[in-house]
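Report on the structure given below.
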Amino acid sequence: MASKGPAENRLKSYKTKGLDVSEVRRRREEEGVQLRRSRREEQYSKRRNLTDVDELEAENATFPEGTPFTEVARALFANETEQQLAALARFRKALSKFGQSPPIQEVIDTGCVPRVVEILTFDNPSLQFEAAWVLTNIASGSSLQTRTVIGCGAVPHLVKLLTSQHEFVLEQAVWALGNIAGDSPECRDVILGSAIMPHLLKLLLVPDLNLTVLRNAAWTLSNLCRGKNPEPPSDVTLTCVPVLARLLYHTDPDVLCHSCWTAAFIADGPDSRIQRIVDGGLVNRLVELMLHHERSVVTPALRAVGNILTGDDVQTQVVINCSVLPSLITILATPHENLRKEACWAISNITAGNRVQIQAVIDCNVFPLLIDIMNSGSVFKTRKEAAWAILNATSGGTRQQIRYLASIGCIKPLCDMLTVQDSRIVTITLEGLENFLKVGQIDAGGAVNPYSLLIEEAYGLSKIEDLQSHENEQIYCLAGKLIDMYFEVEETVSSSDALPQGQVAGPEHVSSSMNFVVNSNGTPEGGFKF
Numbered sequence: 001m002a003s004k005g006p007a008e009n010r011l012k013s014y015k016t017k018g019l020d021v022s023e024v025r026r027r028r029e030e031e032g033v034q035l036r037r038s039r040r041e042e043q044y045s046k047r048r049n050l051t052d053v054d055e056l057e058a059e060n061a062t063f064p065e066g067t068p069f070t071e072v073a074r075a076l077f078a079n080e081t082e083q084q085l086a087a088l089a090r091f092r093k094a095l096s097k098f099g100q101s102p103p104i105q106e107v108i109d110t111g112c113v114p115r116v117v118e119i120l121t122f123d124n125p126s127l128q129f130e131a132a133w134v135l136t137n138i139a140s141g142s143s144l145q146t147r148t149v150i151g152c153g154a155v156p157h158l159v160k161l162l163t164s165q166h167e168f169v170l171e172q173a174v175w176a177l178g179n180i181a182g183d184s185p186e187c188r189d190v191i192l193g194s195a196i197m198p199h200l201l202k203l204l205l206v207p208d209l210n211l212t213v214l215r216n217a218a219w220t221l222s223n224l225c226r227g228k229n230p231e232p233p234s235d236v237t238l239t240c241v242p243v244l245a246r247l248l249y250h251t252d253p254d255v256l257c258h259s260c261w262t263a264a265f266i267a268d269g270p271d272s273r274i275q276r277i278v279d280g281g282l283v284n285r286l287v288e289l290m291l292h293h294e295r296s297v298v299t300p301a302l303r304a305v306g307n308i309l310t311g312d313d314v315q316t317q318v319v320i321n322c323s324v325l326p327s328l329i330t331i332l333a334t335p336h337e338n339l340r341k342e343a344c345w346a347i348s349n350i351t352a353g354n355r356v357q358i359q360a361v362i363d364c365n366v367f368p369l370l371i372d373i374m375n376s377g378s379v380f381k382t383r384k385e386a387a388w389a390i391l392n393a394t395s396g397g398t399r400q401q402i403r404y405l406a407s408i409g410c411i412k413p414l415c416d417m418l419t420v421q422d423s424r425i426v427t428i429t430l431e432g433l434e435n436f437l438k439v440g441q442i443d444a445g446g447a448v449n450p451y452s453l454l455i456e457e458a459y460g461l462s463k464i465e466d467l468q469s470h471e472n473e474q475i476y477c478l479a480g481k482l483i484d485m486y487f488e489v490e491e492t493v494s495s496s497d498a499l500p501q502g503q504v505a506g507p508e509h510v511s512s513s514m515n516f517v518v519n520s521n522g523t524p525e526g527g528f529k530f
């Protein structure tokens, strides 16, 4: 046996603590932040309104290509409506060309923005439309350029235009507001503080609303509900849940996409917000949309469901009761890596629940699919989420459930995770292996721990040994603890170094080798605590 000194020191420095369900959920929420940070990659938060080339050529009469912007800006102050329209159209087309970097700053530098904002108040739908379009594209630029639009007082006038009787004006006003809201949480809150929500929700409920207007309004709503630092005020955003319940049954994929993102943003928060989604009756429809034929709908629907699953056990059970597991199994078979990763993440939130919920995952034969993912050529992020799903089950599962996980081959792929560069996943993998070893120790009854043998066969023991020199203190202490408690170290003196009878060996004469063997008596003082 190895000396007790180092073992005792390691055991002291590593604080053993069983993870309860709340701790597991907290960890998953922290991990979930990483999945939810790709804001602009998943959904454009700003969009430019582009003009058809033929239309551009037809509008070049008053201000031909190359006319100085300062001259165009002066025409905005003319008394003739035609001059004002021509000037706005010239700015609009300059900001709207396909495939070109728009001259937003050059337009701003003419000092025309306050006048464009003023034109929003004119009783002329054509002028209002053109002015709103110009502001839409200016607000599609940088944060500083967007703030220029806000600073010139555009927001309350744009909100007022949401009551216009002209759909083309409505469409452009809601688009401009969506661009401003999509810039930053600060800009979003300016919009929310302008009493937009009642007008926007009323617009979204208009029967037979023009589809383009509806799409833009649904997109703007999603921008108003997104953001984490700070989050939008719940008392305002949660008023949209009844409207979402209707939008989620629309047939247009774009409307569904934006509505699912809105649900995902609302559910990305405390349990009280998740409960509003549950109470609003959205869960069943979101689960259905996870299998929509358009990937643009599947992605946000899956995210929304995954966020709901971060809630408490009761909320998680609601999702399970809506047959989410068969849908997740279908997504695990998709060739789209990101969808498979998110499906694994959603499953990990279920296995972070109670034992009944872990059993539901077992009964649906999900764990063999997770093992396949961990053993396949999937990218690391996907394999990591699959590992989380298994490891959460070892933390909250019964002994019988842990035995099941071992019997289907979970230990080997977990041992493979011990060599990754992610310290967090290495730590929880060690904790998960310890959960197996605890059950194995009880089952062994003083004989050989069967899970120690499985770890050895998977080359896990040598990996754990290597982790004793890891730079992360928690990792090397836990690795040492596992070896000291579940594996013995035999020291043998080389026969070639044997000394003559009667001679005492000094340190310089000792040559030893260390061999790890399964420890059948590794139960710590006081026993294991489950």
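In full-length UniProt numbering, the protein residues as written are 1 to 530. Glycine included, every Cβ here is placed at the ideal spot set by N, Cα and C.
For Val356 and Thr394, what's the separation of their Cα atoms in angstroms? Position 356 of the sequence shown, counted from the first residue, corresponds to residue 356. Position 394 of the sequence shown, counted from the first residue, corresponds to residue 394. Roughly 13 Å separates the two Cα atoms.
Starting from the C-beta of Ser140, find all residues in its chain whose C-beta is less than 7 Å away, skip the five residues before and the five after it, and write them out in chain order. Locating residue 140 in the sequence shown gives position 140, where the first residue counts as 1. Its chain contains Lys46, Arg47, Arg48, Asn179 as the residues whose beta carbon lies nearer than 7 Å to that of Ser140, once the 5 sequence neighbours on both sides are disregarded; these appear in chain order.
Consult DSSP for Glu106 and reduce its assignment to one of helix, strand or coil. As a position in the sequence shown, residue 106 is number 106, starting the count at 1. If DSSP states are grouped into helix, strand and coil, Glu106 belongs with the helices.
From Leu127 to Leu144, what does the alpha carbon distance come to, in whole angstroms? Here residue 127 is taken as the residue at index 127 of the sequence shown, counted from 1. Here residue 144 is taken as the residue at index 144 of the sequence shown, counted from 1. If you draw a straight line from the Cα of Leu127 to the Cα of Leu144, it is about 25 Å long.
Decide if the stretch 232-250 is in contact with the stretch 62-71; the criterion is three or more beta carbon pairs, one per stretch, under 8 Å apart. Fewer than three Cβ pairs drawn from the stretch 232-250 and the stretch 62-71 lie within less than 8 Å of each other, which leaves the two stretches out of contact.
Quick one: which unbroken alpha helix (DSSP H) runs of 4-plus residues sit fully inside the stretch 65-117? Chain order, please. Within the stretch 65-117, the alpha helix (DSSP H) runs of at least 4 residues that lie entirely inside it are, in chain order, 69-75, 81-94, 104-109.
Extent of the continuous alpha helix (DSSP H) run through Asp422: Indexing the sequence shown from 1 puts residue 422 at position 422. Premise fails: Asp422 is in no alpha helix (DSSP H) and is neither H nor E.
Pro335 versus Ser296: straight-line alpha-carbon distance, rounded: Residue numbering aside, residue 335 sits at position 335 when the sequence shown is read from its first letter. Residue numbering aside, residue 296 sits at position 296 when the sequence shown is read from its first letter. Using only the alpha carbons, I get a separation of about 15 Å.
Give the secondary structure of Leu209 by DSSP, where H, G and I count as helix, E and B as strand, and everything else as coil. Residue numbering aside, residue 209 sits at position 209 when the sequence shown is read from its first letter. DSSP places Leu209 in coil when its eight states are reduced to three.
Own chain, CB closer than 7 Å to Thr351, minus 5 neighbours either side, in chain order: Residue mapping note: residue 351 aligns to position 351 of the sequence shown, counting from 1. If you ignore the 5 residues before and after Thr351, its C-beta comes within less than 7 Å of the C-beta of Ile358, Val361, Ala389, Asn392, Ala393, all in its own chain and listed in chain order.
Among Pro114, Ile266, Val213, which one has its Cα closest to the Cα of Leu162? Counted from its first residue, the sequence shown places residue 162 at position 162. Between Leu162 and the set Pro114, Ile266, Val213, the nearest pair of CA atoms involves Val213.
Hey, would you say Leu302 sits closer than 8 Å to Ile331, going by beta carbons? For the purposes of this step, residue 302 is identified with residue 302 of the sequence shown, where counting begins at 1. For the purposes of this step, residue 331 is identified with residue 331 of the sequence shown, where counting begins at 1. For the pair Leu302 and Ile331, the CB atoms are nearer than the 8 Å cut-off.
Please classify Ile408: does DSSP put it in a helix, a strand, or coil? Translated into the one-based positions of the sequence shown, residue 408 becomes position 408. Ile408: coil per DSSP, three-state reduction.
Counting only runs of 3+ residues fully inside the stretch 212-242, write out the beta strand (DSSP E) ranges in chain order. Within the stretch 212-242, no complete beta strand (DSSP E) run reaches 3 residues.
Closest by CA to Cys257, which one among Leu221, Val113, Ala406, Gln172? Reading the sequence shown from its first residue, position 257 is the one you call residue 257. The option with the nearest alpha carbon to Cys257 is Leu221.
Where does Gln165 fall in DSSP's three states? Within the sequence shown, numbered from 1, the residue matching residue 165 stands at position 165. Residue state, collapsed to three classes: coil.
Compute the beta-carbon to beta-carbon distance between residue 554 and Phe69, rounded to the nearest angstrom, for a pair I have assumed lies under 8 Å. What the structure shows of the chain is the stretch from 1 to 530, and residue 554 is not part of that stretch, so it cannot be assessed.
Asp363 in three-state terms, based on DSSP: Here residue 363 refers to the residue found at position 363 when the sequence shown is read from its first residue. DSSP places Asp363 in helix when its eight states are reduced to three.
Given this structure, state the Cα-to-Cα distance separating Leu192 from Leu177, to the nearest angstrom. For this step, residue 192 is matched to residue 192 along the sequence shown. For this step, residue 177 is matched to residue 177 along the sequence shown. Distance between the alpha carbons of Leu192 and Leu177 is about 10 Å.
Inter-residue spacing [alpha-carbon to alpha-carbon] between Glu471 and Ser407: If you number the sequence shown from 1, residue 471 lands on position 471. If you number the sequence shown from 1, residue 407 lands on position 407. So the alpha carbons of these two residues sit roughly 33 Å apart.
Determine, using beta carbons only, whether Ile402 and Leu454 come nearer to each other than 8 Å. The residue you call residue 402 lines up with position 402 of the sequence shown. The residue you call residue 454 lines up with position 454 of the sequence shown. No, Cβ-Cβ distance for Ile402 and Leu454 is not below 8 Å.
Between residue 544 and the rest of its own chain, which residues show a CB-CB distance below 7 Å, the 5 nearest in sequence each way excluded? Residue 544 is absent from the model: the chain starts at 1 and stops at 530.
Express the C-alpha separation of Gln83 and Cys152 in angstroms, rounding to a whole number. Looking up residue 152 in the sequence shown gives position 152. Looking up residue 83 in the sequence shown gives position 83. Our two residues, Cys152 and Gln83, have alpha carbons roughly 22 Å apart in a direct line.
Under the assumption that Ile150 contacts Ile104 (Cβ atoms under 8 Å), give the Cβ distance between them as a whole number of angstroms. On the sequence shown, residue 150 is found 150 positions in, with the first residue counted as 1. On the sequence shown, residue 104 is found 104 positions in, with the first residue counted as 1. About 15 Å separates the two Cβ atoms, so there is no contact after all.
From Leu135, His293, Glu171, pick the residue whose C-alpha is nearest to that of Leu95; which is it? Within the sequence shown, numbered from 1, the residue matching residue 95 stands at position 95. Looking from the CA of Leu95, the closest CA among Leu135, His293, Glu171 belongs to Leu135.
Quick one: grab the DSSP three-state call for Thr429. Position 429 of the sequence shown, counted from the first residue, corresponds to residue 429. Three-state result, Thr429: helix.
Run the CB neighbour count on Gln100, radius 10 Å, all protein chains shown included, and call it buried at 16 or more, exposed below. By one-based count along the sequence shown, residue 100 stands at place 100. Gln100 comes out exposed.
Helix, strand or coil at His292 [DSSP, three-state]: Here residue 292 refers to the residue found at position 292 when the sequence shown is read from its first residue. Of the three classes helix, strand and coil, the one that applies to His292 here is coil, per DSSP.
If you drop the 5 nearest sequence neighbours on each side, which residues of the same chain put their C-beta closer than 6 Å to that of residue 536? Outside the displayed range of the chain (1 to 530) lies residue 536, so it cannot be described from this structure.
Buried versus exposed, by CB contacts within 10 Å (16 or more), Ser494: Along the sequence shown, read from residue 1 onward, the residue named residue 494 stands at position 494. Caution is warranted here: a pLDDT of 47 is assigned to Ser494, below 50, making its placement in the model unreliable, and the coordinate value is therefore given only provisionally. The residue in question, Ser494, is exposed, as its Cβ has fewer than 16 Cβ neighbours within 10 Å.
Cβ neighbours of Val283 in the same chain (closer than 8 Å, five flanking residues each side left out): Position 283 of the sequence shown, counted from the start, is the residue given in the question as residue 283. If we look at Val283 and ignore the five residues flanking it on each side, its Cβ neighbours are Ile277, Val305, Ile308, Val318, Val319, Cys322.
When you compare each of His250, Pro233, Val174 to Asp208 by their alpha carbons, which one comes out closest? Sequence index remark: in the sequence shown, residue 208 carries index 208 (1-based). Distance check between Asp208 and each of His250, Pro233, Val174 places His250 closest, using alpha-carbon atoms only.
Could you tell me whether the Cβ atoms of Val113 and Thr148 are closer together than 8 Å? What you label residue 113 is simply residue 113 of the sequence shown in a count that begins at 1. What you label residue 148 is simply residue 148 of the sequence shown in a count that begins at 1. Yes, the Cβ-Cβ distance between Val113 and Thr148 is below 8 Å.
Hey, could you find the ends of the alpha helix (DSSP H) Phe380 is sitting in? As a working mapping, residue 380 is identified with position 380 in the sequence shown. It spans 380-396 - the alpha helix (DSSP H) in which Phe380 sits, taken as one unbroken run.
Ala447 burial status per 10 Å Cβ neighbour count (16 or more: buried): In the sequence shown, the residue the question calls residue 447 occupies position 447. Per the 10 Å Cβ criterion, exposed.
Pair within 8 Å by beta-carbon distance, Leu418 and Leu467: As a position in the sequence shown, residue 418 is number 418, starting the count at 1. As a position in the sequence shown, residue 467 is number 467, starting the count at 1. Closer than 8 Å, so yes.
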